[in-house]
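In terms of the UniProt record's numbering, the sequence shown opens at residue 1 and continues consecutively.
Down below is the structure, laid out as structure tokens.
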Amino acid sequence: MVAITPDSPIQAVFGSHHKKRKLAEEGLGLATVGDLLRHFPRRYVAATELSEVATPVVGEQLTIVGEVRSCESASFFGGNRRQFRTTVRLRTDGPDFSVTLFSPYQGLADRHEAEFRPGSRAVFTGKAKQFRGSWQLDQPHGFALDGAEAASMSKLMPVYPLTAKLYSWDLQKVVAAALDLVTGVPEVFTPELRERYELLGVMQALRWIHAPDEWSQLGAAQKRFRFEEALVLQLTLARRRAAHRAQGARSRAGRPDGLLAAFDERLPFELTGGQREIGELVAEELARDHPMNRLLQGEVGSGKTLVALRAMLQVVDSGGQAALLAPTEVLAQQHHRSISAMLGDLAQGGMLGGAAEATSVVLLTGSMGRAARQEAMLRTVTGEAGIVIGTHALLEDRVEFADLGLVVVDEQHRFGVEQRAALTDKAGTPPHVLVMTATPIPRTVAMTVFGDLETSVLAELPAGRAPIQTNVVPLADQPSWIERVWQRVREEVEKGHQVYVVCPRISGDSGEEGETDQVDLDEEGAEIAPPKRSLAAVEDVHEELAAGPLRGLRTAVLHGRLAPDDKDRTMRAFAAGDVDVLVSTTVIEVGVDVHNATMMVLLDADRFGVSQLHQLRGRVGRGGLPGLCLLVSHAELGSPARDRLDAVASTTDGFELSRVDLEQRREGDVLGASQSGFRSGLVTLRVLRDEKTIVRAREAAEALLSEDPALAQAPELADAVAEVERSAASGFMEKG
1 MVAITPDSPI QAVFGSHHKK RKLAEEGLGL ATVGDLLRHF PRRYVAATEL
51 SEVATPVVGE QLTIVGEVRS CESASFFGGN RRQFRTTVRL RTDGPDFSVT
101 LFSPYQGLAD RHEAEFRPGS RAVFTGKAKQ FRGSWQLDQP HGFALDGAEA
151 ASMSKLMPVY PLTAKLYSWD LQKVVAAALD LVTGVPEVFT PELRERYELL
201 GVMQALRWIH APDEWSQLGA AQKRFRFEEA LVLQLTLARR RAAHRAQGAR
251 SRAGRPDGLL AAFDERLPFE LTGGQREIGE LVAEELARDH PMNRLLQGEV
301 GSGKTLVALR AMLQVVDSGG QAALLAPTEV LAQQHHRSIS AMLGDLAQGG
351 MLGGAAEATS VVLLTGSMGR AARQEAMLRT VTGEAGIVIG THALLEDRVE
401 FADLGLVVVD EQHRFGVEQR AALTDKAGTP PHVLVMTATP IPRTVAMTVF
451 GDLETSVLAE LPAGRAPIQT NVVPLADQPS WIERVWQRVR EEVEKGHQVY
501 VVCPRISGDS GEEGETDQVD LDEEGAEIAP PKRSLAAVED VHEELAAGPL
551 RGLRTAVLHG RLAPDDKDRT MRAFAAGDVD VLVSTTVIEV GVDVHNATMM
601 VLLDADRFGV SQLHQLRGRV GRGGLPGLCL LVSHAELGSP ARDRLDAVAS
651 TTDGFELSRV DLEQRREGDV LGASQSGFRS GLVTLRVLRD EKTIVRAREA
701 AEALLSEDPA LAQAPELADA VAEVERSAAS GFMEKG
């Protein structure tokens, strides 16, 4: 008999079940026995207890254990032939469910009646739906728990991430066969490490995670695999930090009588305590001979850009250049305008009226005309431009710098590590890197995803930021309230203020997916389809408002498909107060700074993510005037979408909301392979739930590397870390 190892194809354990094997290969991406063994259950159903189903959601994939109340068959004619329908009614620790099984002949219907006897227990999976006020499972599949099918099942039945027509019990059978036959499963922990961290061996952990008989067995298995994943990840990040520190960089210490000193002298306000403290830290790191690699977090309006600008001026004072990478043209243009305005004649190097110590600030975006692009690139390559602001256009091979000393990346969640690397590679020696984000990141996320960066947080807001009141407008319950929304917009404009109206789509007939980032999931990880109702679209909403409730007001549209000049012209008009109401997509999410804008209406707000909603509302209340944000939604009370909106309305604490966001969404989407630099997201780890594990793993990684930098004493662990590093490198190559 051929030995089965983790590298064997899954055909070795699926045997003659070719259709099931194909579903596992194509639907779940399982190619080897090792892939199968590492395809862990999502949750577990206690076979000895009735399932708790508190509040079913229509469309949600459920796996439930219930007691059979009744089982009845009846015949009917379908397609000119006699068929049979068996209805099984189940009692759960929640609402009752009915399950309908169809049979092409009498014998199968009789078998169903014999299997699902009243009083017996059964397990079924299917999608929840309602019919005439009662709950049903659509497209059900299941079996009785006292029959032959259940004889080999564990007391805690695993529920796996699945694909259509492949069921948890199908996988449970082949996993059990694989565990009986497989040899050579790598053990990343030495006996000494297992003892030090109180961990199960790999084979025992695999048996208990796939087929536990009690919750304590499951807990021990999960502890082992979560710590393993956390440790491999933290070792990878620790090695990345060490490699970064080992690189040489040019010191950019600045000078006492240069641009930075002149700029500070002209500042019309005091820096906040946080800006001063982080500014001093950044200045010290820029002066070192190894690269700064720092993440700067701060709420919308906390003054991150000012911290970054002072760092850029210090680099220019040292004879170098600074590049600011922004995710959108609107934001790049906004940065160019605001930085040029803050610097005044200090940004007019080589021009009439420019200050003696002035530099030049240039903008480079993909949509600029050829002549303007060539001029910007020439001023960049000659070093005339001390500060270069741009979008992805900065990453192009043709863009060269005379002496790139600092890279500032704005809104890190929009860029992956490979894009950071593409820009830093343009420097002769490794440049210093400052990454900024207004999306608050919980400590464990920063540790897990941005573990190669040192982290600073700007907690306090500068003087002049006013509170923002946020209210949900629930159109499912109160459809007439939309009229009051538009009355409220008029009232705000009559006070001399301006308003944003944000929509998830550009046009109603374009078929585009919109510019939102929110997807709701059921407990099996499948998407819950949103209601079939047209989402608010910028062009349609603008037309309706201009002809109806906002007739007579000065309105304008802004979205990603407009020509860059049109976008810039519209934003300038809004900033100048020439537009009362701006109807926009999320292009105004970051960086747009109009002090007179005091109100925002978000239509179909449930289609936006928590962080996105928090970012968007941060556009109002920036000029010392109180802000109002109305979240307009058709989401039903008690639905995940409505819970999300209520959370946003209840607090303006971005860190609290970032935890809500992580709890509600697929973690992989929040973390993003593009941000971590790893090809796949987290498997067993959850950064909020496993906070202690991650902290412990980071401490363990640092201790292990200090004792044994090459991990020579733990070769299987070294191989696991190398595999993650290879995955990150190949992901970089694919995206490059």
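The beta-carbon is built from N, C-alpha and C at its ideal position, and this holds for glycine as well.
Item                                                                                                              : Value
Beta-carbon separation (whole angstroms), residue 559 vs residue 541, contact threshold 8 angstroms               : Not a contact, Cβ separation roughly 11 angstroms.
Whole-angstrom distance between residue 142 and residue 327, CA atom to CA atom                                   : 49 angstroms
Closest by C-alpha distance to residue 546, when choosing among 402, 489, 124 and 505                             : 489
Exposed unless 16 or more other CB atoms sit within 10 angstroms - verdict on residue 683                         : exposed
Boundaries (first-last residue) of the beta strand (DSSP E) holding residue 81                                    : 81 to 91
One or two residues paired with residue 503 in a DSSP bridge                                                      : According to DSSP, which records beta bridges pairwise, residue 503 is partnered with nothing at all.
According to DSSP, residues forming a beta bridge with residue 126                                                : 62
Cα-Cα separation, residue 611 to residue 658                                                                      : 6 angstroms
Rounded Cβ spacing between residue 6 and residue 34 (contact assumed at less than 8 angstroms)                    : 3 angstroms
Separation of residue 587 from residue 515, as counted between CA atoms                                           : With a pLDDT of 49 at residue 515, under the threshold of 50, the modelled position of that residue is not reliable, and the figure given next carries that caveat. Taking the straight line from one Cα to the other gives about 8 angstroms.
Span separating the alpha-carbon of residue 244 from that of residue 293                                          : 8 angstroms
Reduced DSSP secondary structure (H/G/I, E/B, other) of residue 8                                                 : coil
Span of the alpha helix (DSSP H) around residue 652                                                               : Careful: residue 652 lies outside any alpha helix (DSSP H) and carries neither H nor E.
Neighbourhood of residue 380 by C-beta, 8 angstroms cutoff - its chain only, sequence neighbours within 5 removed : 321, 362, 364, 388, 399, 400, 401 and 402
Bridge partners - residue 471, DSSP secondary structure assignment                                                : 630
At least 3 beta-carbon pairs within less than 8 angstroms: the segment 121 to 129 vs the segment 181 to 193       : no
Where residue 55 falls, given that 16 or more other Cβ within 10 Å makes a residue buried                         : exposed
Runs of beta strand (DSSP E) wholly within the segment 334 to 408 (minimum 3 residues, chain order)               : 360 to 364 and 385 to 390
Test item: CB-CB of residue 259 and residue 346 under 8 angstroms                                                 : yes
Within the segment 558 to 582, ranges of the alpha helix (DSSP H) (whole runs, at least 4 residues)               : 564 to 575
Nearest-angstrom Cβ-Cβ length linking residue 118 and residue 168, presumed shorter than 8 angstroms              : Not confirmed; about 25 angstroms, so no contact.
For residue 441, the nearest candidate out of 431, 432, 453 and 433 (CA to CA)                                    : 453
Whole-Å CB distance - residue 493 paired with residue 584, under 8 angstroms assumed                              : Residue 493 to residue 584, Cβ: 16 angstroms. No contact.
C-alpha distance - residue 677 paired with residue 250, whole-angstrom precision                                  : Per-residue confidence for residue 677 stands at a pLDDT of 42, beneath the threshold of 50, marking its modelled position as unreliable; no derived number is given.
Status (buried if at least 16 other CB within 10 Å, exposed otherwise) for residue 572                            : exposed
Which listed residue (357, 225 and 709) has its alpha carbon closest to that of residue 319                       : 357
For residue 505 and residue 594, the rounded distance between their alpha carbons                                 : 23 angstroms
Rounded C-alpha distance that separates residue 694 from residue 614                                              : 27 angstroms
Simplified DSSP assignment, three categories, for residue 139                                                     : strand
Given 8 angstroms, three or more beta-carbon pairs between the segment 477 to 485 and the segment 296 to 307      : no
Where residue 197 falls: helix, strand or coil (DSSP)                                                             : helix
Buried/exposed call for residue 497, threshold 16 Cβ in 10 Å                                                      : buried
Of the residues 445, 472 and 436, the one placed nearest residue 456, counting alpha carbons only                 : 436
Inter-residue CB distance, residue 799 and residue 287 (contact presumed, cutoff 8 angstroms)                     : Since the first and last residues shown for the chain are 1 and 736, residue 799 lies out of range.
Secondary structure of residue 310, DSSP reduced to three states                                                  : helix
CA-to-CA distance, residue 604 to residue 67, given in whole angstroms                                            : 41 angstroms
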